[in-house]
C-alpha cells in the first residue's frame with residue numbers, strides 16, 4: 001500500500017474523501033481521515049543536528065515509565081503514538097507504558113482492539129480505565145501511582161517521537177534529579193498532518209492572564225550555553241504535555257495539585273513550583289516530539305471550560321504568586337495583596353471563582369522552603385512582562401477625555417498601534433496601570449469626566465491580522481462589566497514604562513503616542529509622573545502626554561508641558577476603581 005505522509009510530508013486527501021473528512025473533523029478537532037491514510041510507522045526525518053548526534057550517553061541511564069492519558073482519542077493517532085515510541089526509543093530504557101483511559105465513550109476501538117494491539121508490543125503495557133471523567137491531572141496521578149520506573153515520562157496521546165528523543169531527557173535527569181526535562185515540541189498540522197520542526201530558539205513564558213506562550217530565547221541564555229544549540233535551555237515555564245521527571249522527585253516536589261480539575265494551569269503551577277523550590281525546567285533541543293496542535297478542544301469540561309481553568313489558575317495564584325496575584329485578577333476579575341494584586345487586576349474573572357482549600361499546598365511550599373515569586377522573576381524570568389517592583393496597578397484617567405485604554409491589546413501583536421482615551425469603565429483590565437514607587441497600590445488613570453486609557457483589538461477575517469489601538473474611552477464600571485474593564489489596565493513600572501503586558505507606550509517622530517513591544521533601554525518608552533501637576537512627562541522629549549482634540553477620537557499625543565492648568569494634560573491614577 002502506498003501510504004500518505006511519508007517523510008513527514010502533508011497528506012493530500014483524495015477528492016472523493018474530502019467531504020467525509022470535513023464532516024468527521026469535529027470528532028477529534030483534527031483530520032482523522034488524513035491520519036488514517038498514513039502508516040502507523042510513517043517515516044519522519046531525524047531532527048537532530050550533527051552536534052546532537054555527537055552526544056554520547058552512559059549505558060546506565062535511568063529507566064522510565066511512560067504515562068499516556070487519553071479520552072475519546074482517534075484510533076490511528078493513538079496507535080501511531082505507541083508505534084513511534086517503540087520504534088524510536090531504546091527499548092531497554094522503557095520500563096513500562098501506562099495508559100489511562102479517562103472514561104472514553106462510544107469508541108469501541110479503544111477497548112478490545114487497543115488491548116490486542118498493546119499485547120503485541122515488546123514492552124509491558126498496562127491500561128487503566130476510569131469509570132468517571134477525572135481529567136488530565138488526576139488521570140496522570142493515577143498512572144504515576146502504579147509506575148515503578150526510575151523516572152516518569154508524560155506524553156500526550158497524539159504525538160510522534162523523533163529518533164533519539166528519549167536518551168537526552170533521561171541523561172539530564174540522571175545528572176540532576178531535580179531537573180524536569182522537556183523535548184522540543186514539533187508541530188503536526190491538524191488538517192494535513194505535515195510534520196514541522198519546532199524552533200530551538202524559543203522557550204516557555206506566560207503573559208499577565210496566565211496564558212502559556214512561546215517567546216524568543218534571550219541573549220543571556222545563549223551566552224550561558226555558549227551558543228551551543230545541543231545544550232538544554234533553562235526555560236522559565238514548560239508547555240506541560242511532554243516531559244520527563246525523576247519519579248521520587250515528582251512526589252517530593254508535590255506531584256500535581258490534587259485540587260486542580262480536568263486540565264489547564266497545571267503546567268505553569270508546576271513550573272513555578274519546581275523553580276521556586278530548588279529544581280529547574282529544561283528544554284532539550286536534541287529531543288524532538290511531534291504533537292498534533294488543535295485549534296480547540298473536542299471535549300467538554302465538567303462545569304464549563306472557563307470555570308475550570310479559572311479555578312485552576314486561582315489555585316496557582318493563591319499559592320505561588322505572592323503580591324503579583326492582584327495584577328492577574330485585574331486583567332482576567334478578584335483582589336488580595338502583593339504580586340497577586342497584579343494578576344487579579346488583569347483577570348478580574350478570577351475574583352468570582354472559588355480556589356478551594358489551598359492549605360496543603362501552602363504547607364508544601366513552607367515545608368520545601370520555597371523562594372518567593374519576586375525571586376523567580378528576578379533570577380529565572382527577568383524578561384517577564386510582570387514588573388519586579390511596582391507601586392500601582394490601575395487605570396490612567398484624563399481630566400478632559402476620560403481614561404487611557406489599550407483597546408484589548410495583548411502581546412500577540414505589538415507594533416505601532418495608537419494610544420488613546422475611552423470612558424473609564426471602573427473594571428480594570430485594559431485601563432489598569434501599575435505605578436511603581438515604594439508601595440503597591442491599585443488604581444486607574446482617569447479624568448474627572450470618567451474616561452480611561454483603553455486598549456482595543458481589531459481583527460481581520462477568521463481572527464487573523466489583529467491590530468491594536470490605544471485611546472481614551474469612558475471608564476467602565478468594574479462591578480458591572482469586569483471582563484470589558486480588563487482593557488483599561490496599565491502598568492506604570494519602576495523603570496518608567498507605561499505598559500500592558502509586554503507592549504509599551506512610546507512616541508514617534510510626529511509626537512503621536514503608539515504601542516510598541518517593550519524593549520529594555522528604549523528611552524522612548526520612559527515616562528515620569530508628577531503627582532503635583534498630574535503631568536505624565538515623556539522623559540526623552542520633555543513633553544507631556546495629552547489628548548488630541550483635532551482627531552476627535554481620543555488619540556494621544558505629546559505637546560509642550562503647560563503649567564497653566566491645562567486639563568487635557570492632567571492625568572489621574574486612582575485606586576478606588578479596582579477594589
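Residue numbers (our numbering): 1 to 579.
For each residue, glycine too, the CB sits at the ideal point set by N, CA and C.
Since we're looking at a predicted model, the values are computed, not measured.
C-alpha distance - residue i paired with residue j, whole-angstrom precision
| i | j | result |
| --- | --- | --- |
| residue 271 | residue 105 | 33 Å |
| residue 296 | residue 535 | 45 Å |
| residue 439 | residue 472 | Only weak support exists for where residue 439 lies, its pLDDT of 25 falling under 50; the coordinates are left without a value. |
| residue 562 | residue 569 | 8 Å |
| residue 168 | residue 242 | 13 Å |
| residue 233 | residue 379 | 15 Å |
| residue 159 | residue 214 | 19 Å |
| residue 84 | residue 262 | 27 Å |
| residue 349 | residue 310 | 7 Å |
| residue 175 | residue 60 | 12 Å |
| residue 315 | residue 355 | 5 Å |
| residue 148 | residue 94 | 11 Å |
| residue 340 | residue 518 | 22 Å |
| residue 122 | residue 157 | 19 Å |
| residue 231 | residue 49 | 11 Å |
| residue 273 | residue 374 | 13 Å |
| residue 27 | residue 108 | 14 Å |
| residue 523 | residue 151 | 49 Å |
| residue 474 | residue 555 | 13 Å |
| residue 251 | residue 141 | 10 Å |
| residue 222 | residue 216 | 11 Å |
Check whether residue i and residue j have beta carbons under 9 Å apart
| i | j | result |
| --- | --- | --- |
| residue 69 | residue 136 | yes |
| residue 31 | residue 11 | yes |
| residue 144 | residue 246 | no |
| residue 248 | residue 177 | yes |
| residue 51 | residue 288 | no |
| residue 237 | residue 205 | yes |
| residue 548 | residue 491 | no |
| residue 235 | residue 203 | yes |
| residue 86 | residue 126 | no |
| residue 580 | residue 72 | Lying outside 1 to 579, the shown extent of the chain, residue 580 is not represented and no answer is given. |
| residue 293 | residue 358 | no |
| residue 387 | residue 495 | yes |
| residue 343 | residue 317 | yes |
Residue i in three-state terms, based on DSSP
| i | result |
| --- | --- |
| residue 52 | helix |
| residue 76 | helix |
| residue 314 | helix |
| residue 193 | coil |
| residue 263 | coil |
| residue 492 | strand |
| residue 25 | helix |
| residue 411 | Its pLDDT being 44, under 50, residue 411 is placed unreliably in this model, and the value from its coordinates should be taken loosely. Here residue 411 sits in coil by DSSP. |
| residue 567 | helix |
| residue 183 | strand |
| residue 3 | coil |
| residue 528 | strand |
| residue 337 | In this prediction, residue 337 scores a pLDDT of 44, lower than 50, which makes its location untrustworthy; the coordinate-derived value is nonetheless stated afterwards. The answer is coil: DSSP assigns residue 337 none of H, G, I, E or B. |
| residue 373 | helix |
| residue 270 | helix |
| residue 41 | coil |
| residue 275 | helix |
| residue 539 | coil |
| residue 581 | Residue 581 is absent from the structure shown; the chain starts at 1 and stops at 579. |
6 Å Cβ shell around residue i - same chain, five flanking residues per side excluded
| i | result |
| --- | --- |
| residue 312 | 260, 264, 265 |
| residue 368 | 277 |
| residue 40 | 79, 80, 83 |
| residue 77 | 35, 158 |
| residue 16 | none |
| residue 161 | 84, 85, 88, 289 |
Same chain only: Cβ atoms within 7 Å of residue i, ignoring 5 sequence neighbours per side
| i | result |
| --- | --- |
| residue 57 | 167, 171 |
| residue 92 | none |
| residue 200 | 184, 229, 285 |
| residue 20 | 33 |
Selection from the options that minimises the alpha carbon distance to residue i
| i | options | result |
| --- | --- | --- |
| residue 572 | 533, 538, 542, 541 | 533 |
| residue 361 | 8, 257, 387 | 257 |
| residue 281 | 253, 556, 544 | 253 |
| residue 75 | 126, 225, 112, 120 | 112 |
| residue 291 | 273, 154, 347 | 154 |
| residue 198 | 192, 189, 191, 184 | 184 |
| residue 90 | 107, 66, 559, 101 | 66 |
| residue 146 | 96, 498, 132 | 96 |
| residue 320 | 475, 353, 364, 307 | 364 |
| residue 501 | 528, 283, 384, 133 | 384 |
Cut-off 8 Å between Cβ atoms - residues of its own chain near residue i, not counting five sequence neighbours on either side
| i | result |
| --- | --- |
| residue 115 | 127 |
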